[in-house]
Amino acid sequence: MTFCNGPVAWSSRVQKTIALSTVEAEYMALTESVKEVKWIRQLLMDLGRNQVTPTPLFSDNQGAAFLTKNPQHHRRTKHIDIRYHFIRTEQEEGVVSVECTPYDKQPADMLTKALSGPRHLK
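Going by the numbering used here, the letters in the sequence shown line up with residues 1358 to 1479, in that order.
Next comes the structure, spelled out in structure tokens:
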């Protein structure tokens, strides 16, 4: 998470539950990110910096981003625990806005994948 182009929060850890698909794993990670966003928004409000626009939340998984906007339960997603659907409520209330980012535009890839010279310099 960044604020004024500087990192203010980050996390890298093993998920506590087993996901049956990458969509489910990303969806659960997005939900954890929303919790962090809510905490930081509350901190900013306590400091007198109210944020009226939704906080953009970027995902490199189109399925997970679509799942946050689609309130229907499908055959492939009906097993996801209801606590992870918290993200839908926060999106409807304007706290966050989940957007899909192409995998080649992810800044975290620099730390996890071998990049070519020109991409590394970006």
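Even for Gly, the Cβ is constructed at its ideal location relative to N, Cα and C.
Asked, Found
"May I ask which residues mark the beginning and end of the beta strand (DSSP E) holding residue 1455?", "1453-1457"
"Helix, strand or coil: which one does DSSP assign to residue 1388?", "helix"
"For residue 1388 versus residue 1415, is the C-beta distance shorter than 8 Å?", "no"
"Taking the straight line between their C-alpha atoms, what separation do you get for residue 1462 and residue 1403?", "33 Å"
"Using alpha carbons as the reference points, say which of 1383, 1368, 1366 lies closest to residue 1374.", "1383"
"Please report the residue range of the beta strand (DSSP E) in which residue 1446 lies.", "Taken as a continuous stretch (DSSP letters only), residue 1446 belongs to no beta strand (DSSP E), being part of the alpha helix (DSSP H) at 1443-1449."
"Counting C-beta neighbours from all protein chains within 10 Å, is the total for residue 1455 16 or more, i.e. buried, or is it exposed?", "buried"
"For residue 1446, does the count of other Cβ atoms within 10 angstroms reach 16, so buried, or fall short, so exposed?", "exposed"
"Tell me the DSSP bridge mates of residue 1486?", "Nothing can be reported for residue 1486, as the shown portion of the chain is limited to 1358 through 1479."
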